[in-house]
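There are 2 protein chains.
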Amino acid sequence: MFESKKSSNVKYWIIFVATAVVVFVLGLLAASITQRKAEKEYVYKPIVQINDNESRNEIWGENFPREFQTWLETLDTTFHTKYNGNGFKDALEEDPRLVILWAGYLFSRDYNKPRGHAWAIDDVRKTLRTGAPMSDTAGPQPTTCWTCKSTDVVRVMNEQGVENYYKGKWARLGAEIVNPIGCLNCHDAKTMNLTIKSPALIEAYQAMGKDIKKATLQDMRSLVCAQCHVEYYFDKKRVEGASFVKFPWDKGLSVEKIEEYYDSYEFADWTHAISKAPMLKAQHPDYELYMMGIHGQRNVACADCHMPYISEGGQKFSSHQTVSPLKYIDKTCQVCHRESEQTLVKNVYDRFDKVVEVRDKLEVLLVRAHFEAKKAWDLGANEGEMKDILQGIRKSQWRWDFVAASHGGAFHAPIEGLRILSNGIDIITDTRIKLARILAKYGYNQEVPYPDITKKENAQKLIGLDMPKFRTEKNEFIEKIIPQWMKLAEERQSKWKVIRY
Amino acid sequence: MFESKKSSNVKYWIIFVATAVVVFVLGLLAASITQRKAEKEYVYKPIVQINDNESRNEIWGENFPREFQTWLETLDTTFHTKYNGNGFKDALEEDPRLVILWAGYLFSRDYNKPRGHAWAIDDVRKTLRTGAPMSDTAGPQPTTCWTCKSTDVVRVMNEQGVENYYKGKWARLGAEIVNPIGCLNCHDAKTMNLTIKSPALIEAYQAMGKDIKKATLQDMRSLVCAQCHVEYYFDKKRVEGASFVKFPWDKGLSVEKIEEYYDSYEFADWTHAISKAPMLKAQHPDYELYMMGIHGQRNVACADCHMPYISEGGQKFSSHQTVSPLKYIDKTCQVCHRESEQTLVKNVYDRFDKVVEVRDKLEVLLVRAHFEAKKAWDLGANEGEMKDILQGIRKSQWRWDFVAASHGGAFHAPIEGLRILSNGIDIITDTRIKLARILAKYGYNQEVPYPDITKKENAQKLIGLDMPKFRTEKNEFIEKIIPQWMKLAEERQSKWKVIRY
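Listed in order, the protein sequences are those of chains A and R.
To convert a position in the first sequence, counted from 1, into my numbering, add 200.
To convert a position in the second sequence, counted from 1, into my numbering, add 200.
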């Protein structure tokens, strides 16, 4: 029954070693199963050498095929949300009131919902707002209108200097600026780190007494977007003949502080063609409104929602499609919010619906105010009587535009957006009551008829725009000038050396 | 060197058993450490037998000392937030515009910020809104004004029947209704389950085609609050001489749907003393607005934030202090939100600040509209001319009041609140422009002076209130009548049997 002591010891050793081996193998298995492949270290193997002026996105794309491929997807215009998306939509057709609100300004001719980054050059060439310049010195726009459209802007600023870049007409750089918004706008060519290339943003930080170089990595994931997705204007006083992009942030980023800045030297983008009010045109204060909403306050970066992480072939990378987060709710909202897609979409649209409801009401009031002011002028009102009224129209429409022009603002900061719109309605209330009194004084004590602007075409005719003429001119420009620009650009780019490893 | 086989086996056995013992003891230790004491089963040992008409909170408190003790803490008025809290504040003094907005209605005499549940009886007796009834049949208020103030309401409804409860004047039940809002209002005396005791809420559900008995446990944690924290009115048409509490939810819970309900039979709470507009007074649509905000949409119940769980002596129970969640951020907000107290308080106040900013603007416009309407009447405007204007004032002020009167509404649903206020401003814009035209027609083409209402006293004098008289009468009532009520109530209650186990 009892074995010898020695054979017994050998048996224990065999069991011991066998167990150790089994446990070791199990360990390997477990490690293999639990390994987070997506987070394995990415070994960067550059294929081409990228220089500081490389504006061609496809060259960068050779080193970063996944980022480039998702950037290319900004060409896809099939994704639409209820209010926007990546589609190409005529905003004036959708809402002809805009034609009236921008009467006397080029926006009344043509204004489209934004498409993806890769369309930027195509869109800025084709919009009626850039006109049909048949020579390098023809207007209507300055070179500044290229600033947010292309990687070539970084290159040209490097080559010609910032001041020279801002000089002359838009057409002057038509053959230079051909690559749409891309890699060079946000990345350092050597380190690939996020970098601010826009002098305007660097200066805006300086004006606020801050150094943008001290921004955190997480802040940079929004600040690179803030190079363009902000309120800005053309500063023509800095250098004779140059139109510098300037962010009006000196006093702060709120709608009131920016207004205070503009008011401080009576800046106006244009004089309204109907009411004669000195108007401000909000660009797209996306960053400003985002900062005032809960996501901005929680330091959720633009990239967290608009450039979500994707796993492919064991590699984790940030999508460069920069589209509505609603396209990839599983990769965007649901990273933090444990709600169904349906619920989250509803939450987003609820916010939009409420802001849009109020925005539309203010639009109607502004349309009325412009025509009431015109009636007052027509009846003989004088400048002294009209001064406060024109200021009221300016202030109210500025508030409307700040919210209306901000991409996604109704979601980014619905509470601030509604506060701003409410103030806009409050101001126009006061203005229209003063108008009613002036009209009564000049013998017109009844409602000024609301114009027939159910269609864009009616509205544009009403403000005297010769749209067929603009379109004919534009088509000629597209047919004759753009091919010339493209040919020159191709010749230039073909001479750029590319060093492949 | 080698021991005998037998002694070696004995040694293994000793090691084996010793190890087993050590592991067992370690297990006991671990269990003791990790045991979640707070969640151990609560063994309910009743001390008194509670019957279905037991309105005395202190009797229930014998069985539930912790819940009772926290309920008693609603007497503590030392906690204040920036906008409210548990303190006793004179809202008319804080904002004298309210006196004008409620001119002709009892709210213009006296309106205080809410105190805790345990103060309810004291507050309703002392407010000038209940007047100074020196007999059981004296006015101004019906018995209905007790409805949300006391557990005795449940008892009296059980004893006299709901219809009879609603009959007669407020003073009729002065000696019956003495125990403030408490246990019997929300709990079943036998099972302690949450139960709806308010006939108005049960009927409101029926009117919407729903059965409140099918509400989930989580829904009940809000619905018991919705017995009172809602918009309601007194339905005097149902039974002759009775004022039934009725929730105007038949068409829906939104501000527009409730208005549609009221408009459908031209209901008005009162006629405005200055403008003559047929007004609606919003009560406190807390539940309605909460349901339209993100917490309501996420099914976070009232109790989750206002009655947080507390651990004491190894027992977990729900606090019955029902105070602002800002008093216990660690037990309320921070259960879900991983932010610092400071950040969370800022987020709450940011919402309030923005809603209050717009609310105040609308108040000013409404004050102006009332006085402009008065001016129009004074100048000879006729009813036909004024009809639309009075409707505009009604609709605009209804929107203002819906947001202003809702406890915590600016936090519960800031987006919906701002949407409503914006609509209020939009409506009053239109109304005031029509007013300006009428005034001009009657020869008054200038601004109607804004009244001096910097102080409550000025405003009350302006609308012709004899405040010293009201206060003298009230003091007499408090000195003479209330002690009689108390004495009768004590005699009655002393006869109620209490069975102790």
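Idealized CB from N, CA, C, for every residue including glycine.
The structure displayed is predicted, hence computed values, not measured ones.
**Asked** Can a CB atom of chain A be found closer than 9 Å to the CB of residue 702/R?
**Response** The question about residue 702/R has no answer, for chain R in this structure spans 201 to 701.
**Prompt:** Which term fits residue 216/R, buried or exposed, when burial requires 16 or more other beta carbons within 10 angstroms of its beta carbon?
**Reply:** In the second sequence, residue 216/R corresponds to position 16, counting from 1. Per the 10 Å Cβ criterion, exposed.
**Item:** Assigned secondary structure, residue 315/R (DSSP; H/G/I helix, E/B strand, else coil)
**Value:** Your numbering for residue 315/R matches position 115 in the second sequence. Correct three-state label for residue 315/R: coil.
**Asked** The alpha helix (DSSP H) spanning residue 459/R covers which residue range?
**Response** By one-based count along the second sequence, residue 459/R stands at place 259. From DSSP, the alpha helix (DSSP H) with residue 459/R extends over 455 to 464.
**Asked** Ends of the alpha helix (DSSP H) at residue 405/R?
**Response** For this step, residue 405/R is matched to residue 205 along the second sequence. Note, residue 405/R: alpha helix (DSSP H), 399 to 407.
**Residues bridged to residue 515/R [DSSP beta-bridge criterion]** = Counting from one through the second sequence, the residue named residue 515/R turns up at place 315. Bridge partners of residue 515/R: 512/R.
**Message:** Taking only three categories from DSSP, how would you classify residue 256/A?
**Reply:** Start at 1 with the first residue of the first sequence, and residue 256/A comes out as number 56. Coil.
**Prompt:** In chain order, which alpha helix (DSSP H) runs of at least 4 residues are fully inside the stretch 601 to 673 of chain R?
**Reply:** 609 to 612, 614 to 641 and 656 to 662
**Asked** Does the beta-carbon of residue 540/A have 16 or more other beta-carbons within 10 angstroms, so that it is buried, or is it exposed?
**Response** Taking the first sequence and counting its residues from 1, one reaches residue 540/A at position 340. The residue in question, residue 540/A, is exposed, as its Cβ has fewer than 16 Cβ neighbours within 10 Å.
**Request:** Would you identify the three-state DSSP class for residue 479/R, choosing helix, strand or coil?
**Result:** As a position in the second sequence, residue 479/R is number 279, starting the count at 1. Here residue 479/R sits in strand by DSSP.
**Request:** Output the distance between the C-alpha atoms of residue 667/A and residue 276/A, rounded to the nearest integer angstrom.
**Result:** Here residue 667/A is taken as the residue at index 467 of the first sequence, counted from 1. Here residue 276/A is taken as the residue at index 76 of the first sequence, counted from 1. C-alpha separation (whole angstroms): 29 Å.
**Message:** Assuming contact is defined by CB atoms lying nearer than 9 Å, are residue 613/A and residue 458/A in contact in what I supplied?
**Reply:** The residue you call residue 613/A lines up with position 413 of the first sequence. The residue you call residue 458/A lines up with position 258 of the first sequence. No, these two residues do not count as a Cβ contact at 9 Å.
**Message:** Here's the rule I'm using: 16 or more other beta-carbon atoms within 10 Å means buried, otherwise exposed. How should residue 370/R be labelled?
**Reply:** Walking along the second sequence from the start, residue 370/R turns up at place 170. Looking at its Cβ environment, which holds 16 or more other Cβ atoms inside 10 Å, residue 370/R is buried.
**Request:** Examine chain R for any beta-carbon lying closer than 9 Å to the beta-carbon of residue 558/A, and answer yes or no.
**Result:** Within the first sequence, numbered from 1, the residue matching residue 558/A stands at position 358. Yes - at least one Cβ of chain R is within 9 Å of the one on residue 558/A.
**Contact list for the stretch 605 to 628 of chain R against chain A, Cβ threshold 8 Å** = 614, 615, 616, 618, 619, 621, 622, 623, 625, 626 and 628
**Sequence-distant residues of the same chain with beta carbon closer than 8 Å to residue 427/R, five excluded per side** = The count along the second sequence starts at 1 and reaches residue 427/R at position 227. These residues qualify, in order along the chain: 348, 385, 386, 396, 397, 398, 400 and 401.
**Prompt:** Does the distance from the C-beta atom of residue 255/R to that of residue 379/R stay below 9 Å?
**Reply:** Counting from 1 along the second sequence, the entry for residue 255/R is found at position 55. Counting from 1 along the second sequence, the entry for residue 379/R is found at position 179. Cβ distance < 9 Å, so residue 255/R and residue 379/R count as in contact.
**Asked** Roughly how far, in whole angstroms, is the beta-carbon of residue 367/R from the beta-carbon of residue 337/R, given that I think they are within contact range, below 8 Å?
**Response** Indexing the second sequence from 1 puts residue 367/R at position 167. Indexing the second sequence from 1 puts residue 337/R at position 137. Contact doesn't hold; Cβ gap of about 11 Å is too wide.
**Asked** Would you report the Cα separation of residue 257/A and residue 245/A, rounded to the nearest angstrom?
**Response** Translated into the one-based positions of the first sequence, residue 257/A becomes position 57. Translated into the one-based positions of the first sequence, residue 245/A becomes position 45. Taking the straight line from one Cα to the other gives about 18 Å.
**Message:** Tell me the rounded alpha-carbon separation between residue 423/R and residue 615/A.
**Reply:** By one-based count along the second sequence, residue 423/R stands at place 223. By one-based count along the first sequence, residue 615/A stands at place 415. If you take the alpha carbons of residue 423/R and residue 615/A, they lie about 27 Å apart.
**Distance CB(residue 703/R)-CB(residue 465/R) smaller than 9 Å** = This structure leaves residue 703/R out entirely; chain R is present only between 201 and 701.
**Request:** Could you tell me which chain A residues have their CB closer than 8 Å to the CB of residue 561/R, listed as they occur along the chain?
**Result:** Against the second sequence, residue 561/R aligns to sequence position 361. Within chain A, the residues near residue 561/R are 622, 623 and 626.
**Item:** Environment of residue 596/A [buried if 16+ CB atoms lie within 10 Å]
**Value:** Counting from 1 along the first sequence, the entry for residue 596/A is found at position 396. By the neighbour-count rule (16 or more Cβ atoms within 10 Å), residue 596/A is buried.
**Item:** Proximity of residue 743/A and residue 566/A at Cβ, strictly below 9 Å
**Value:** Here chain A has residues from 201 to 701 only, and residue 743/A is not among them.
**Message:** Please tell me whether residue 564/A and residue 618/A are closer than 9 Å, where the distance is taken between their beta carbons.
**Reply:** As a first step, residue 564/A must be located in the first sequence, where it is residue number 364. As a first step, residue 618/A must be located in the first sequence, where it is residue number 418. Taking 9 Å as the Cβ cut-off, residue 564/A and residue 618/A do not qualify as a contacting pair.
**Contact under 9 Å by Cβ, residue 580/A with residue 631/A** = As a position in the first sequence, residue 580/A is number 380, starting the count at 1. As a position in the first sequence, residue 631/A is number 431, starting the count at 1. In this structure, residue 631/A does not lie closer than 9 Å to residue 580/A by Cβ.
**Prompt:** Taking any Cβ of chain R, which residues in the stretch 569 to 598 of chain A have a Cβ under 7 Å from it, in chain order?
**Reply:** none
**Prompt:** Does any C-beta atom of chain A lie closer than 9 Å to the C-beta of residue 482/R?
**Reply:** Along the second sequence, one-based indexing puts residue 482/R at 282. Answer no: the Cβ-Cβ gap between residue 482/R and chain A never drops below 9 Å.
**Request:** Just the chain A side, please: which residues come within less than 7 Å of residue 633/R by C-beta, in chain order?
**Result:** By 1-based counting over the second sequence, the position of residue 633/R is 433. Ordered by position in chain A, the residues that pass the 7 Å Cβ test against residue 633/R are 632, 633 and 636.
**Request:** Evaluate the contact criterion for the stretch 502 to 516 of chain A versus the stretch 524 to 532 of chain A: three or more CB pairs, one atom per stretch, below 8 Å.
**Result:** yes
**Contacting positions in the stretch 410 to 423 of chain A - beta carbon closer than 7 Å to chain R** = none
**Item:** Cβ-Cβ separation, residue 394/R to residue 355/R (assumed contact under 8 Å), whole Å
**Value:** Taking the second sequence and counting its residues from 1, the one referred to as residue 355/R is at position 155. Taking the second sequence and counting its residues from 1, the one referred to as residue 394/R is at position 194. That belief does not hold up - the Cβ atoms of residue 355/R and residue 394/R are roughly 18 Å apart, past 8 Å.
**Message:** I want to verify the contact list: residues of chain R whose CB lies under 9 Å from the CB of residue 640/A, in sequence order.
**Reply:** For the purposes of this step, residue 640/A is taken as the residue at position 440 of the first sequence. Per Cβ cutoff of 9 Å: 636, 637, 639, 640, 641 and 645.
**Prompt:** Candidates 611/R, 296/R and 326/R: which alpha carbon is nearest residue 496/R's?
**Reply:** Here residue 496/R corresponds to residue number 296 of the second sequence, with the count starting at 1. That would be 611/R, whose Cα lies nearest to the Cα of residue 496/R.
**Asked** By the 10 Å Cβ neighbour count, where 16 or more other Cβ atoms means buried, how is residue 412/A classified, buried or exposed?
**Response** As a working mapping, residue 412/A is identified with position 212 in the first sequence. Buried, by the Cβ-count rule.
**Request:** Would you mind giving the Cβ-Cβ distance between residue 259/A and residue 698/A, rounded to the nearest angstrom? I have them listed as a contact below 8 Å.
**Result:** Looking up residue 259/A in the first sequence gives position 59. Looking up residue 698/A in the first sequence gives position 498. Rounded, the Cβ-Cβ distance is 6 Å, consistent with contact.
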